[in-house]
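The block underneath contains the structure these notes are about, expressed in structure tokens.
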Amino acid sequence: MAGHSKWANIKHRKAAADAKKGKIFTRLIKEITVAAKLGGGDPNSNPRLRLALDKARDANMTKDAVQRAIERGTGQLEGVSYEEVRYEGYGPGGAAVMLDCLTDNRTRTVAEVRHAFTKNGGNLGSDGSVAFMFKHCGQFIFAPGTSEDAVMEAGLDAGAEDVVKNDDGSIELICAPADFEAVRRALEKAKLKPELAEITMKPVNESEVTGDDAARMRRLLEAVEGLDDVQEVYTTAVLD
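Just so you know, the sequence shown maps onto residues 27 to 266 in my numbering.
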């Protein structure tokens, strides 16, 4: 089964992340703190924390910074209390956009999000207006040239739901969030290293956005990605 091109998007995201290392660290610290607060400070019994720690390691975050974030989450250190909030809406061309945020001030966050949508031709919607267009799942993406059969063999035995070869030759594996860690371990054992491994909200159907709408959608996505309280940005848009 073929899918849309993923590789250019992955490379773009990595380049953007490298260019904004300070912001990446801030997001990771928030995520580690909240994960530890909700599920405890032991990554062996807290899958969300374990995933956040993997991302922190990939970003070369210091052990001291990670430990402080865990201790703030578990209450051993004083710190800001964050809450999770999701905003949903539509961008130029009608594609869905969904934002997951961690904030200590909802009033500030919604004002910033609404401004970003309005300024860039989007519309902020109500709760649930686009969430049904996304599937909560684990996602692994491998570089073009990776053996589809090898990924399928390792992944399906560990609980993967689907393995897809994309138009650009990259391989995508999808699993239930609860099976993410088992699949990750199976892939590691098979010496298969994904370029991307995350629990995400994957579009059920993607919509192509072209021309002026694509340019405006890019500006909208850059605007919301630049907001301090935004942790993750999801969209059904495929930009030309």
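For each residue, glycine too, the CB sits at the ideal point set by N, CA and C. Please read these numbers as outputs of a predicted model, since none were measured by experiment.
State the Cα-Cα distance for the pair LEU222 and ILE200, rounded to the nearest angstrom. 12 Å
Can you name the residues that DSSP bridges to LEU226? First, the residue type needs correcting, since residue 226 is Thr and not Leu in the sequence shown. According to DSSP, which records beta bridges pairwise, THR226 is partnered with CYS163.
Please work out which residues of its chain come closer than 7 Å, Cβ to Cβ, to ILE195, disregarding the five sequence neighbours upstream and downstream, and give them in chain order. Looking at the sequence provided, one finds Gly at residue 195 rather than Ile. The residues are PRO170, GLY171.
Residue environment, LEU247, which counts as buried when at least 16 other CB atoms sit within 10 Å: buried
Measuring only the C-alpha atoms, how far is GLY29 from GLU110? Low local confidence applies: a pLDDT of 46 at GLY29 is under 50, so the model's placement there is unreliable, with the coordinate-based value given in what follows. Whole-angstrom Cα-Cα distance: 31 Å.
GLU179 versus VAL60, GLY164, MET159, ALA212, residue with shortest Cα-Cα distance: ALA212
Can you give me the C-alpha to C-alpha distance between THR261 and LEU125, rounded to a whole angstrom? 9 Å
Length of the line joining the Cα atoms of THR135 and ASP175: Going from the Cα of THR135 to the Cα of ASP175 covers about 45 Å.
To the nearest angstrom, how far is the alpha carbon of THR59 from that of THR226? Spanning the alpha carbons of THR59 and THR226 requires a straight line of approximately 19 Å.
I'd like the span of the alpha helix (DSSP H) that includes LEU77, first residue to last. 73-84
ARG132, buried or exposed, once every other Cβ within 10 Å from all chains shown has been counted against 16: exposed
Hey, could you find the ends of the beta strand (DSSP E) GLU123 is sitting in? Before going further, note that residue 123 is Val rather than Glu in the sequence given. Run containing VAL123: 122-129, per the beta strand (DSSP E) assignment.
LYS215, enclosing alpha helix (DSSP H) - first and last residue: First-last of the alpha helix (DSSP H) with LYS215: 206-215.
If I follow the unbroken beta strand (DSSP E) through VAL264, where does it start and stop? 263-265
Would DSSP call LEU182 helix, strand or coil? helix
Is there contact here, the region 77-87 with the region 97-113, by at least three beta-carbon pairs under 8 Å? no
My output table needs one value for GLN257: the three-state DSSP class, helix, strand or coil. Strand.
Cβ distance (whole Å) where ARG210 is taken to contact ASN146 below 8 Å: Not quite, the Cβ-Cβ distance comes to about 36 Å (not below 8 Å), so this is no contact.
According to DSSP, is ALA28 helix, strand or coil? Summary for ALA28: the model assigns pLDDT 41, below 50, so the residue's position carries little reliability; its value from the coordinates is reported in the next sentence. ALA28: strand per DSSP, three-state reduction.
CB PHE158 to CB ASN149, shorter than 8 Å? no
For ARG83, is the classification buried or exposed, using 16 other Cβ atoms within 10 angstroms of its Cβ as the cut-off for buried? exposed
Could you tell me whether the Cβ atoms of PHE285 and PRO220 are closer together than 8 Å? Because residue 285 is not part of the residues shown, which for the chain are 27 to 266, the question remains open.
N- and C-terminal bounds of the beta strand (DSSP E) containing GLY115: Counting along the chain, the beta strand (DSSP E) containing GLY115 begins and ends at 109-116.
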